[in-house]
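Protein chains in written order, with my numbering: chain A, 1319 to 1434; chain B, 2 to 420.
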């Protein structure tokens, strides 16, 4: 038993800090400031076989002129024609945004996502 | 056995070297090519049998985990906004600066305790976190004279500030609100070179955490260079792709003239140091212009690195710390560096001991040929895979356990012994 054991049992002894000590999770995002709720709710085409449920939190990511939706590492859908202001808002956030699945289409091939 | 905290990975990899990434020895993980970050990350190639880096994210309480991980979307997006995405391309450009000529060895001075006179060295290395008060965000000293007095170094010496430290202080640097003012003060103090903080690029975390750390290193370097300091960019990397990304960035930005690397911890461990040195040399060759390199640890690799970099400087810490542990350096007839115990009376200064250690260690590195570590006695007869006859069996038993029983969704699979 030694330092390795203690480290393994107690976890890492430091915590990742925020730039300038600012916790960004508590700040309003650029999307909150500039876009209405209606403009932030869009329809996405889901990949065949995507396993999703209403209320799932997903990542919206800029990719080659469109927005992809991913659950973890893999893409589960795409927002084909995002509005210019939505694309700009996501770009201002470093190319990523958080979204929630509000509704899922009858055939499971589309979903309505609300981007935060 | 105790339970690990819920915000820590529950899966354990008792053999860390199996997580070392090496595409020349291990196949790419199956799940990587379809990942959203594959283009930037390049995928993982390990001996640990992981499907993708999701296997390294196994905390049971994500709300308390601070890894930058795509399976914690709210935190992940907040971290992306913090650094403006994982790409290097949007980091601000800075003007080119002339870089000072640095010696091969720069002795590290941590403090002035147990010394009464000045260490007469033209170039010394200090810790960034000992010059700046990390609690208040103010420099400990107001003038160059005060800096010299604080560390008992010559007023006109060239000072290298090392950003290498444990994670807690370097995270504190990231949390400081007034970094521009601090850096302006360091400029005023006439600091020769400063190396950027080395945010950890760990092997047992999802790759997005590594990419976030690399972007933070670049952003802190940019701040230092923009303030007018000659800054060295830490090229912390976990995979070959990471080195390629650093190489592309450095080739594209001529203002990056000094690199830094730390071999004192994971990067200098066992045979991993050879892999890192090889990657650094390839990077220098690929960039194709004379780069300077400042290293902490890894002194035995100096001759190799000097063939590929225009100048290499080792921040040498042993001379200082061993002097404080009352050890005197000497060279054997074969040129090996040895340390002998030398007790001093209580309260006696160790100036002479430190000066001797610095001189002997410098002589060792300047005149000594590359000395490879002594090889262990050869093992017993090896099998066809060039592995030891017996120990290999045990290794295979715990592979499946480490990987969490390879199939991720073991539906329609029946575990059965072969008859």
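Ideal Cβ positions, reconstructed from N, Cα and C, are used throughout, including at glycine.
Of B/223, B/336, B/246 and B/332, the smallest CA-CA separation from residue 94 of chain B is found for B/223.
DSSP places residue 322 of chain B within a helical segment (H, G or I) once states are collapsed to three. The beta strand (DSSP E) runs of length 3 or more contained entirely in the region 78-121 of chain B are, from start to end of the chain, 106-108. Scanning the region 266-340 of chain B for uninterrupted alpha helix (DSSP H) segments of 4 residues or longer gives 273-288, 303-307 and 319-325, listed from N- to C-terminal end. When C-alpha distances from residue 26 of chain B are compared across B/287, B/367, B/240 and B/37, the shortest belongs to B/240. Secondary structure note for residue 1381 of chain A: its beta strand (DSSP E) is the uninterrupted segment 1375-1381. The beta carbon of residue 283 of chain B does not come within 9 Å of any beta carbon belonging to chain A, so the residue lies off that interface. In this structure, DSSP gives residue 36 of chain B an extended state, which the three-state scheme calls strand. Annotated three-state conformation of residue 1388 of chain A is strand, per DSSP. Neighbours of residue 1393 of chain A across chain B, judged by C-beta separation under 7 Å: 37.
Interface criterion not met: the Cβ of residue 1403 of chain A is under 9 Å from no Cβ in chain B. For residue 245 of chain B, the enclosing alpha helix (DSSP H) starts and ends at 241-253. Residue pairing from DSSP places residue 1421 of chain A in a beta bridge opposite A/1430. Residues of chain B whose Cβ lies closer than 7 Å to the Cβ of residue 1337 of chain A are, in chain order, 83 and 175. In this structure the region 304-316 of chain B lies against the region 101-119 of chain B, because at least three pairs of beta carbons, one per stretch, are closer than 8 Å.
Taking a 10 Å sphere around the C-beta of residue 141 of chain B, we find fewer than 16 other C-beta atoms and assign the residue as exposed.
Listed along the chain, the chain B residues whose CB falls inside 7 Å of the CB of residue 1359 of chain A amount to none; the nearest CB is some 17 Å away. Here residue 1414 of chain A carries a strand assignment [DSSP, helix/strand/coil].
Counting of Cβ neighbours within 10 angstroms places residue 331 of chain B among the exposed residues, the total staying below 16. In this chain, the beta strand (DSSP E) harbouring residue 1363 of chain A covers 1359-1364. Non-local beta-carbon contacts of residue 210 of chain B in its own chain, meaning distances under 6 Å to residues more than five positions away in sequence, involve 68 and 69 in chain order.
With its beta carbon less than 9 Å from one in chain A, residue 74 of chain B belongs to the interface. Partner residues in a beta bridge of residue 204 of chain B, as assigned by DSSP, do not exist.
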